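The structure appears below as structure tokens.
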Amino acid sequence: MAKLQLAIVTAEGESFSGEVDKVVAPGGLGEFTVLPSHARMISTLSAGILRFDQGGDSVSLAMSGGFLEVSDNRVTVLADAAEQDDAIDLERAEAALERAQKLIASSPADVDLEKATASLQRARVRVKLGRRRRERGLG
-14 MAKLQLAIVT AEGESFSGEV DKVVAPGGLG EFTVLPSHAR MISTLSAGIL RFDQGGDSVS
46 LAMSGGFLEV SDNRVTVLAD AAEQDDAIDL ERAEAALERA QKLIASSPAD VDLEKATASL
106 QRARVRVKLG RRRRERGLG
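Position 67, counted from 1, in the sequence shown is what the numbering used here calls 52; the numbers after and before it change by one each time, with no gaps.
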């Protein structure tokens, strides 16, 4: 069976490169799946969970936005940030979520609301993925 070659790149460098069976990504217009022989496409990525299947295992990453390109069974993700579920410190993520919620609720005049909202979205994704991992008894 055909495979996809997936590369996930952030500002810190390449966070993943390898063959996968499928990719499920948080697109700007909703979640979508990429399978082998997928048509060429480019999509924005929203804050959300990117999943890929590799050798019978499913791997999940918290994404905070970016772009995804599909071409000739190659999927390239250019991400603002990507963090695997086993790297998420749930207590720290929950504290970041609480800080972001309080900041937006108080909305002082000197706060960039767009940046605060982006921080809130990132924190929500990290908490969701961290809790999912904990519920599976993995963290």
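Where is the CB? At the ideal position from N, CA and C, for every residue including glycine. Keep in mind the model is a prediction, meaning the values are calculated, not measured.
#### Entry: Complete beta strand (DSSP E) runs within the segment 31 to 116 (minimum length 3 residues, chain order)
Runs found: 42 to 56, 59 to 64 and 67 to 69.
### Query
Do Ala66 and the ligand ZN come close, with the Cβ less than 8 angstroms from some heavy atom?
Only the bare structure without any ligand can be found here, which leaves the ligand ZN out of the picture.
### Task
For Gly41, count neighbouring C-beta atoms within 10 Å of its own C-beta (all shown protein chains included) and say buried if the count is 16 or more, exposed if not.
Locating residue 41 in the sequence shown gives position 56, where the first residue counts as 1. It is exposed - the Cβ of Gly41 has fewer than 16 other Cβ atoms within 10 Å.
### Query
Thinking C-beta only, is Val44 closer than 9 angstroms to Phe1?
Indexing the sequence shown from 1 puts residue 1 at position 16. Indexing the sequence shown from 1 puts residue 44 at position 59. Yes, Cβ-Cβ distance for Phe1 and Val44 is below 9 angstroms.
### Query
Between which two residues does the beta strand (DSSP E) harbouring Gly(-2) extend?
Stepping through the sequence shown from its first residue, residue -2 is reached at position 13. Per DSSP, Gly(-2) belongs to the beta strand (DSSP E) from Gly(-2) to Val5.
### Message
Which residues does DSSP list as the beta-bridge partners of Gly15?
### Response
Residue 15 sits at position 30 when you count from the first residue of the sequence shown. For Gly15, which the question treats as bridged, DSSP gives the partners Gly12.
### Query
Would a C-beta distance cut-off of 9 angstroms place Val55 and Leu82 closer than the cut-off?
Here residue 55 refers to the residue found at position 70 of the sequence shown. Here residue 82 refers to the residue found at position 97 of the sequence shown. Not closer than 9 angstroms, so no.
### Query
Tell me which same chain residues have a C-beta within less than 7 angstroms of the C-beta of Ala78, skipping the five on either side of it?
Locating residue 78 in the sequence shown gives position 93, counting from the first residue. Correct list, in chain order: Ala108, Arg111, Val112 and Gly115.
### Task
With distances taken Cα to Cα, identify the nearest neighbour of Val62 among Gly(-2), Ser91 and Asp71.
Stepping through the sequence shown from its first residue, residue 62 is reached at position 77. Among Gly(-2), Ser91 and Asp71, the Cα nearest to that of Val62 belongs to Gly(-2).
### Task
Hey, could you find the ends of the beta strand (DSSP E) Leu(-9) is sitting in?
Here the question's residue -9 lines up with position 6 in the sequence shown. Per DSSP, Leu(-9) belongs to the beta strand (DSSP E) from Leu(-11) to Thr(-5).
### Message
Please report the distance separating the alpha-carbon of Ser104 from that of Gly33.
### Response
Your numbering for residue 104 matches position 119 in the sequence shown. Your numbering for residue 33 matches position 48 in the sequence shown. Rounded to the nearest whole angstrom, the C-alpha separation of Ser104 and Gly33 is 12 angstroms.
### Message
Looking only at its chain, what residues have a beta carbon closer than 6 angstroms to the beta carbon of Leu35, apart from the 5 residues adjacent to it on each side?
### Response
Position 50 of the sequence shown, counting from 1, holds the residue named residue 35. These residues qualify, in order along the chain: Ala10, Leu46 and Met48.
### Message
Let me make sure I understand the geometry here. Which of Ala72, Ile89 and Gly51 has the alpha-carbon closest to that of Ile(-6)?
### Response
Counting from one through the sequence shown, the residue named residue -6 turns up at place 9. Note that residue -6 is Val in the sequence shown, not Ile. The residue with the shortest Cα to Cα distance from Val(-6) is Gly51.
### Assumed close pair Glu101, Ala85 - CB separation to whole angstroms, cut-off 8 angstroms
Position 116 of the sequence shown holds residue 101. Position 100 of the sequence shown holds residue 85. Per the sequence shown, the amino acid found at residue 101 is Ala instead of Glu. Contact flag correct, Cβ pair sits at about 6 angstroms.
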